[in-house]
Structures are given as C-alpha cells and as structure tokens.
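> Below is one structure. I have some questions about it.
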Amino acid sequence: MEPREKAAQLPESPGVYLFKDAGGTVLYVGKARNLRSRVRSYFLESRWIDAKTGSLAREIADLETIVVGNEREALALEHNLIKQYRPKFNVVLRDDKTYPYIKFTAAEKYPRVYFTRRIKKDGSLYFGPYFPSSLARRILHFVHKRFLVPSCTVDLTRNHPRPCLQYYIKRCLGPCAAGLTTDERYAEAARDVRLFLEGRRRDLIKSLEERMAVAAEKELFEQAAAYRDLLQTLEDIEERQRIAAAQGDDTDVLAYHAEPPLVAADLFHLRGGRVVDRREFYWEELEEFDPQEFVPSLLKQLYLEAEYLPKAIHVSADFEDRELLEVTLTERAGHNVEIFTPQRGTKRAFLDLVESNAKHSFEQRFRVLTPTSKAIGEALQNALNLAEEPRRIESFDISHMQGTDTVASMVVWEKGRMKKSDYRKFIIRGEEGPNGNVRWQNDDFASMREAVARRYRRLQEEKKELPELILIDGGIGQLHAAARALESLQIINQPVASIA
Numbered sequence: 009m010e011p012r013e014k015a016a017q018l019p020e021s022p023g024v025y026l027f028k029d030a031g032g033t034v035l036y037v038g039k040a041r042n043l044r045s046r047v048r049s050y051f052l053e054s055r056w057i058d059a060k061t062g063s064l065a066r067e068i069a070d071l072e073t074i075v076v077g078n079e080r081e082a083l084a085l086e087h088n089l090i091k092q093y094r095p096k097f098n099v100v101l102r103d104d105k106t107y108p109y110i111k112f113t114a115a116e117k118y119p120r121v122y123f124t125r126r127i128k129k130d131g132s133l134y135f136g137p138y139f140p141s142s143l144a145r146r147i148l149h150f151v152h153k154r155f156l157v158p159s160c161t162v163d164l165t166r167n168h169p170r171p172c173l174q175y176y177i178k179r180c181l182g183p184c185a186a187g188l189t190t191d192e193r194y195a196e197a198a199r200d201v202r203l204f205l206e207g208r209r210r211d212l213i214k215s216l217e218e219r220m221a222v223a224a225e226k227e228l229f230e231q232a233a234a235y236r237d238l239l240q241t242l243e244d245i246e247e248r249q250r251i252a253a254a255q256g257d258d259t260d261v262l263a264y265h266a267e268p269p270l271v272a273a274d275l276f277h278l279r280g281g282r283v284v285d286r287r288e289f290y291w292e293e294l295e296e297f298d299p300q301e302f303v304p305s306l307l308k309q310l311y312l313e314a315e316y317l318p319k320a321i322h323v324s325a326d327f328e329d330r331e332l333l334e335v336t337l338t339e340r341a342g343h344n345v346e347i348f349t350p351q352r353g354t355k356r357a358f359l360d361l362v363e364s365n366a367k368h369s370f371e372q373r374f375r376v377l378t379p380t381s382k383a384i385g386e387a388l389q390n391a392l393n394l395a396e397e398p399r400r401i402e403s404f405d406i407s408h409m410q411g412t413d414t415v416a417s418m419v420v421w422e423k424g425r426m427k428k429s430d431y432r433k434f435i436i437r438g439e440e441g442p443n444g445n446v447r448w449q450n451d452d453f454a455s456m457r458e459a460v461a462r463r464y465r466r467l468q469e470e471k472k473e474l475p476e477l478i479l480i481d482g483g484i485g486q487l488h489a490a491a492r493a494l495e496s497l498q499i500i501n502q503p504v505a506s507i508a
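Throughout, this note's numbering is defined as the position within the sequence shown, counted from one, plus 8.
Next comes the structure, spelled out in structure tokens:
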C-alpha cells in the first residue's frame, strides 16, 4: 500500500509517525495530536511551504505509526525515537561539551566518590551535572576533607599493611588498613556523604546534632568537636544558598542565529541570578530552518532526560507545544518549570545579550571554515579515494621510554580544526606471558593493535559514529596492525591510512 493510502486509513488518535525511504531508513520522526490529519498533510503539495517539507515528502516510501494514550506519551516517545534513529530531517542535538558528575559507588561495601563525565549502569549514584565544572572538583574536595570518604582506586576489600597518603593528610578514614576505622564508622560517613550530595542538608544537620549530643554525653569531646565543626560548615553553606536564592531563581536562556544551512545556538545557565556556565551548539546541514520545529526539538533533547531542571527557560521564539512541554518538565522536576519569551525589562535585555552571543558564536565557528580547511578535506578525499570528505579524523601514535611505559596517543581533527577536548591517551597493558612477563609493551605493532581495538570497541559499546578517516603514524606494519584490530571488531569498509 502506498504511503498516501496508508495515511488516509490512520486513526484520529495521538501518536508518533516515522517516515522511511525505499531502503527502510528512518527519514523523520514526528508526533501528532491527530495522526491521520498530520500525516495526510505531508502528501498535500499545498503544505509544501518550504523546500524541506517538499524534499521529505518526495523521499517517503513507507511510513510507520505508533498510537499512544495522550500527547505527553507521544512527546516522550518522539524524543526516544529521534535519539535512537537520528533521522536526517529532524534537528538532532550535537553537543561538543560533556559536563561532570560526582559518582557515589553505593553498591560497594566501602562507597567512594569520583569525578566523572560518563554515566554507567553500574549500581552507582550520579549527582550533577555541575556548572561550572570546577564546582564538582570543589565539592569533591569538601567531601574528602569533611567526611573523609576517598576517591582512590585501592582494593578496599583487602587489608593492606599501611594506609595511603590520603589517610595521613586527613582526607580518608583509612578502611584499607586494619584497625584505623570500623565498618560502622565508615557506613556512617558514607550515609552523610549521600545526604549531602542529595541536597538533604537539613536531614544531615539534624542527624549530626543528635550524634554531637550523644558524643558530648559520653564525654567523647574530640568527636563532639568534629561534629560541631562540620555542623558549622554546613550551616554556613545553607546560609549562602539562601542568599543566592533570594537574588534570583535558576534560569536557562536559549537563543540562536541561523543562516541556513548553518545554525549556532547558545545556552546560558543562570544560578542564583549569576551566569555560571554556557553551552554552544552548531549545525551545518539544516537546509531549511524553521524556529517552530528547531526550538522545541532542541529543548526536548536538552531537558527530557536532564538530571537538573531550572525553574525558568527563556527562549527566543515561542512554539506550538510549549504548554505541553512545560507540563512534562514540571512533572519530571517536581517543581514548576516555565518556558516563555520575555518581551520587556531585564529578562528581555538578557535574552538579547544571549542572541548577540549566538551571533558571535556563529561568526567565530563558521567564518573560520576557510577555503583552506575546505580544500584540505577535499584533497584528502581525492587522494585517498574516499566516499565522502573526511569531517573527522582520528590519528594514533605510539611512544615509549626505552622500551617500557608504552603509551598510545590519539589526536582529533574535526571540521577544519584540531579538537583537543576529544584527545585520548591509552596506557598499553600488553599481555602476560607464561613466565609472568608482560608481552608487547615494547612491540609497536601489537601496541597499535591494542590501542585501536580499545578505542573502537568503546565507540561500538556506546553506539557512537566512527570517524570518516583513521590516520596511523607509522609504516605498513602499523597500518596492518590497525586494520587487524578493526577486523577483530567486525568493522569493515573503514578508511585507514598511515604516514611513514
């Protein structure tokens, strides 16, 4: 049955629709209050008010629909399907920045806290993201100093002959060595850390007050003094936060500058009335730009799974589903979340400022895409007979110190510039031989094979795209080693080149 005929038979119910090309690839995902009305409209040429809609309609070879109970369910399902398929006609968020979290290893006997930029399903609790990123470091420092819960990688299930330096500088209770602490004392400290990170500071303060009273009654004056000092610090933090809250609610401000197919967007985070961080987003292939689609699509991807939601989100353009998105985000946040476009006053002035920053970001990003950088990509494509111009190149090199301490480094070139935030270092592990020696740490070929395998196994696990070109610093041997690593992962038709 033709897509046009299928559309005429759809129910007049809320749901999600997926348009596909002749090969079954998902071209576009959308949601509708009335599936039949919305989907049929794509096949009416009078609706082709822009080139994008007409281009999409001409490519549709099949369609699939999913009926849901209400618009909010449709909103959530649309978001998940866009994230899964990343259709070329949808606005897909590409964020160059990853924010830090604090990881609390709740599943361990002796929980620890870590700074991390990746969330894994490993039984741990993740708190954040933190703006600015230095805030996460300061919180970790506070946890180590005041609660004595560490970030170390020592095996705490074994008794060691002596504790590490962190114990001696009073940054850890020392559970790794016998006799320095008890399971009960460590569990108490871990509970305190969890309450602190969860923001339940009043509960923590009440618990500390009770423990301080008990310690004083038992004449454990040193312990009571420690509780007193921690209480004073926590009450100081509470007071500073009350002052910050009085100065202004948490607000995010989003604005964009578009010269299709190029678009830049800026997102400013205000906490307690102060700008604490900024995010930038860029698109290079939005041939037809529609604010009515762009703004809500961006907001859904930013906030439907966010760990923290502000009370207000200011945007530079209103859109049809604003109230529905407000209700959905309010339910997730547990407090009112308001989305609107300020028209006057200081809020409007700040939105204008963010719009100016978005224009500046656009100029900085896209004006540097000079003919020279464009020519480099085209020259590589022609010289290496690549199917497409390489927008991202990942390059590997092996180095070592007199045959030991072997390290592989990976640098990244993307869209005409080096991208230092994506650089990686791999400490070569090698393989333990029958005599207990580690083999291949001084074998450049095997080291290259290990580094390449580790890098692209991780990308496979995280379902991330491969670069258009992998570049190896070395001769034919290193090139073959990299190729074998890719073959072991069943990665085929991946362009790889080497420079001797």
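Glycine residues also receive a C-beta, built at the ideal position from the N, C-alpha and C atoms.
Per DSSP, what kind of secondary structure is His277 in: helix, strand or coil?
Reading the sequence shown from its first residue, position 269 is the one you call residue 277. In this structure, His277 counts as strand in the three-state DSSP scheme.
> Let's see if you can read the secondary structure: which residues bound the alpha helix (DSSP H) around Leu262?
As a working note, residue 262 is residue 254 in the sequence shown. From DSSP, Leu262 is part of no alpha helix (DSSP H) but of the beta strand (DSSP E) over 259–267.
> Give the secondary structure of Arg166 by DSSP, where H, G and I count as helix, E and B as strand, and everything else as coil.
Reading the sequence shown from its first residue, position 158 is the one you call residue 166. Note: Arg166 maps to coil in three-state DSSP.
> Can you grab the Cα-Cα spacing for the pair Val335 / Val345, in whole Å?
For the purposes of this step, residue 335 is taken as the residue at position 327 of the sequence shown. For the purposes of this step, residue 345 is taken as the residue at position 337 of the sequence shown. Whole-angstrom Cα-Cα distance: 8 Å.
> Would Val34 and Ile74 qualify as a contact pair, given that the criterion is a beta-carbon distance under 7 Å?
Residue numbering aside, residue 34 sits at position 26 when the sequence shown is read from its first letter. Residue numbering aside, residue 74 sits at position 66 when the sequence shown is read from its first letter. Taking 7 Å as the Cβ cut-off, Val34 and Ile74 do not qualify as a contacting pair.
> In this structure, how does DSSP classify Asn218 when only helix, strand and coil are distinguished?
Position 210 of the sequence shown, counted from the start, is the residue given in the question as residue 218. For clarity, residue 218 is Glu in the given sequence; the question names Asn instead. Residue state, collapsed to three classes: helix.
> So, at 6 Å on beta carbons, what are the nonlocal neighbours of Ser570 in its own chain, with the 5 sequence-adjacent residues on each side left out?
Because residue 570 is not part of the residues shown, which for the chain are 9 to 508, the question remains open.
> Using the Cβ count rule (16 or more neighbours within 10 Å means buried), how would you classify Asp104?
As a working note, residue 104 is residue 96 in the sequence shown. With a pLDDT of 45 at Asp104, under the threshold of 50, the predicted position of this residue should be treated as unreliable, and no value is reported.
> What first and last residue would you give for the beta strand (DSSP E) that runs through Ser506?
As a working mapping, residue 506 is identified with position 498 in the sequence shown. Taken as a continuous stretch (DSSP letters only), the beta strand (DSSP E) holding Ser506 covers 504–507.
> Helix, strand or coil: how does DSSP classify Leu392 here?
For the purposes of this step, residue 392 is taken as the residue at position 384 of the sequence shown. Of the three classes helix, strand and coil, the one that applies to Leu392 here is coil, per DSSP.
> Here's the rule: buried if 16 or more other CB atoms are within 10 angstroms of the residue's CB, otherwise exposed. What is Asn98?
As a working note, residue 98 is residue 90 in the sequence shown. Buried: at least 16 other Cβ atoms inside 10 Å.
> In whole angstroms, what is the alpha-carbon distance linking Leu203 and Tyr235?
Working through the sequence shown from its first residue, we reach residue 203 at position 195. Working through the sequence shown from its first residue, we reach residue 235 at position 227. Looking at the two C-alpha atoms, the distance is approximately 15 Å.
> I need the DSSP call for Ile127, collapsed to helix, strand or coil.
To locate residue 127, count along the sequence shown from 1; it is residue 119. Looking at Ile127 - three-state DSSP - the assignment turns out to be coil, as it is neither helix nor strand.
> Can you tell which of Leu89, Ala82, Arg199 has its C-alpha closest to the C-alpha of Leu133?
As a first step, residue 133 must be located in the sequence shown, where it is residue number 125. Nearest C-alpha to Leu133: Arg199.
> Just to confirm my understanding: we take Leu317, look at its own chain, exclude 5 residues before and 5 after, and list those with CB closer than 7 Å. What are they?
Taking the first residue of the sequence shown as 1, we reach residue 317 at position 309. These residues qualify, in order along the chain: Tyr311, Leu337, Arg340, Ala341, Val345.
> Using the three-state DSSP reduction, which class does His343 fall into: helix, strand or coil?
Reading the sequence shown from its first residue, position 335 is the one you call residue 343. It is coil, neither helix nor strand.
> Would you be able to state if there are at least three C-beta pairs under 8 Å between the region 79–89 and the region 118–132?
The answer is no - the region 79–89 does not touch the region 118–132, with fewer than three Cβ pairs under 8 Å.
> Measure the C-alpha to C-alpha separation of Met9 and Glu476 and round it to an integer number of angstroms.
As a working mapping, residue 9 is identified with position 1 in the sequence shown. As a working mapping, residue 476 is identified with position 468 in the sequence shown. Going from the Cα of Met9 to the Cα of Glu476 covers about 38 Å.
> Name the residue from Glu331, Arg94, Ala65 whose alpha carbon lies nearest to the alpha carbon of Gln309.
Here residue 309 is taken as the residue at index 301 of the sequence shown, counted from 1. When only C-alpha atoms are compared, the closest one is Arg94.
> Who are the near neighbours of Leu365 in its chain, counting only those whose CB is closer than 6 Å to its CB and skipping five residues on each side?
As a position in the sequence shown, residue 365 is number 357, starting the count at 1. Note that residue 365 is Asn in the sequence shown here, rather than Leu. Cβ neighbours of Asn365 beyond the five flanking positions: Asp274.
> Taking the alpha carbon of Ala491 as the reference point, which residue from Ala508, Glu469, Ala454 has its own alpha carbon closest?
By one-based count along the sequence shown, residue 491 stands at place 483. Among Ala508, Glu469, Ala454, the Cα nearest to that of Ala491 is on Ala454.
> Write down every uninterrupted run of the beta strand (DSSP E) in the region 62–118 whose length is 3 residues or greater and which is fully enclosed by it, in chain order.
Those beta strand (DSSP E) runs which fall completely within the region 62–118 and span 3+ residues are 70–75, 109–112.
> Assign Gly187 to one of three DSSP states: helix, strand, or coil.
In the sequence shown, the residue the question calls residue 187 occupies position 179. Gly187 falls in the coil class under three-state DSSP.
> Taking only three categories from DSSP, how would you classify Lys39?
Taking the sequence shown and counting its residues from 1, the one referred to as residue 39 is at position 31. Correct three-state label for Lys39: strand.
> Pull up the distance between the alpha-carbon of Ile499 and that of Gly482, whole angstroms please.
On the sequence shown, position 491 is the one that residue 499 refers to. On the sequence shown, position 474 is the one that residue 482 refers to. When rounded, the distance between both Cα atoms is 21 Å.
> Three Cβ pairs or more, each shorter than 8 Å: is that satisfied between the region 402–409 and the region 288–307?
They do not touch, by the three-pair rule.
> Does the distance from the C-beta atom of Leu494 to that of Gln486 stay below 7 Å?
Start at 1 with the first residue of the sequence shown, and residue 494 comes out as number 486. Start at 1 with the first residue of the sequence shown, and residue 486 comes out as number 478. Contact: no.
> Can you check the region 307–371 for any alpha helix (DSSP H) of at least 4 residues that lies completely inside it and give the ranges in chain order?
Correct list: 330–341.
> Determine the burial state of Glu292: buried for a count of at least 16 other Cβ atoms within 10 Å of its Cβ, exposed for fewer.
Position 284 of the sequence shown holds residue 292. By the 10 Å Cβ count, Glu292 comes out exposed.
> Taking DSSP as the reference, what is the three-state secondary structure of Arg208?
Within the sequence shown, the letter at position 200 stands for residue 208. Correct three-state label for Arg208: coil.
> Going by DSSP, which residues form a beta bridge with Asp481?
For the purposes of this step, residue 481 is taken as the residue at position 473 of the sequence shown. Looking at the DSSP assignment, Asp481 forms a beta bridge with Ile507.
> Would you please state the rounded distance, in angstroms, between the beta carbons of Val261 and His322? I believe it to be under 8 Å.
Here residue 261 is taken as the residue at index 253 of the sequence shown, counted from 1. Here residue 322 is taken as the residue at index 314 of the sequence shown, counted from 1. The pair is a contact, with the Cβ atoms about 5 Å apart (cut-off 8 Å).
> Give the straight-line distance between the Cα atoms of Thr113 and Val201, rounded to the nearest whole angstrom.
Stepping through the sequence shown from its first residue, residue 113 is reached at position 105. Stepping through the sequence shown from its first residue, residue 201 is reached at position 193. Thr113 and Val201: Cα-Cα distance of roughly 11 Å.
> Just to confirm, is the Cβ distance from Leu239 to Thr259 under 7 Å?
Taking the first residue of the sequence shown as 1, we reach residue 239 at position 231. Taking the first residue of the sequence shown as 1, we reach residue 259 at position 251. No. Outside cutoff.
> On the CB-based measure, 16 or more other CB atoms within 10 Å of its CB, does Glu473 come out buried or exposed?
As a first step, residue 473 must be located in the sequence shown, where it is residue number 465. When all chains shown are included, Glu473 counts as exposed.
> In whole angstroms, what separates the C-alpha of Gln389 from that of Trp421?
Within the sequence shown, numbered from 1, the residue matching residue 389 stands at position 381. Within the sequence shown, numbered from 1, the residue matching residue 421 stands at position 413. In a straight line, the C-alpha of Gln389 is about 15 Å away from that of Trp421.
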